[in-house]
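In UniProt numbering, the protein residues as written are 1 to 344. Note that CB positions come from ideal geometry on N, CA and C, so glycine has one too. Here the structure is a predicted model, which means the values were calculated and not measured.
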């Protein structure tokens, strides 16, 4: 793709995200979501492969339906209350429709079917944007409307997302699909506490985005898309493979890595709210299995002639400073968690 065109689309993404997270009026938030959707479509379909075109079409149809529901919800609320302010969402029907719309935007169960297919058809860099930056505007809308949302509905969506996100990722061999189900599972963790502690949800999202960015950028550097390729990728940059192993274990939530912090705090929060069964039902072991599977494939050192596809013995570009910073933060932030919590 033309560099100037890529720059325009990236700036449009940042503009749409900024408009949505800084707006007080529903129409402005909706306009930001639409700018985001239109800007990401060329980035998904830039390879002109049939799978990429299919992914872009699925993404457009799903996001258009979700945006229509956001508009319908805000108009219904304005009709009943005379308020277009995002924080004044008081009509129960509007709250239910908005929760469904944002669940569709995010890819929460049962509106999750589009996300693995779109991520599988998109390049790794676009997949990184879909998993992190494109999730920020809907999360911000949930954050602003959290006092009005239905806790039963959100808790149900969260438990289903953590369960199905872990269960459906078990038999996958494509790394992008595994990371898509990982995203669905993590979004379930965020949704379960958005009503009780919205700031903790934002902290979880920031840490998730940081860990996912480290993994996507590492995979993009070593040019790996499948588990079979991951097993022979150690010959390219062994130190980067070692950091990928630690980043995957951090995303799984194992102590003493950074990913343990949000899981620990989220398990604490339902317990404080006398919701011990919910804390028990948030399935972490299912997703832990496929993270360990990915980590095992990263750690295994098969000789590079065991599979019949072309091997790239060295990377085309050196490991960037961004990957070094992200992987370091992904591994080492847990000891300073008291300072992080005081900032949040």
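Looking at the DSSP output, residue 177 shares a beta bridge with no other residue.
Nearest to residue 210 by alpha-carbon distance, out of 74, 186, 197 and 42, is 186. Partner residues in the beta bridge of residue 25, as assigned by DSSP, are 85. In the DSSP assignment, residue 121 falls within the alpha helix (DSSP H) that extends over 114-121. DSSP places residue 272 in the helix class (H, G or I) of the three-state scheme. Of 118, 86, 68 and 82, the smallest CA-CA separation from residue 22 is found for 86. Straight-line spacing of the CA atoms in residue 142 and residue 109 works out to 16 angstroms. With a contact defined as Cβ atoms closer than 8 angstroms, residue 170 and residue 260 miss out at about 22 angstroms. For residue 145, the uninterrupted alpha helix (DSSP H) segment begins and ends at 136-145. The residues 131, in chain order, have a CB closer than 6 angstroms to that of residue 183 in the same chain once the five nearest residues on each side in sequence are set aside. When only Cα atoms are considered, residue 19 and residue 54 end up about 28 angstroms apart. For residue 176, the number of other beta carbons within 10 angstroms of its own is at least 16, and it is reported as buried.
Here residue 46 carries a coil assignment [DSSP, helix/strand/coil].
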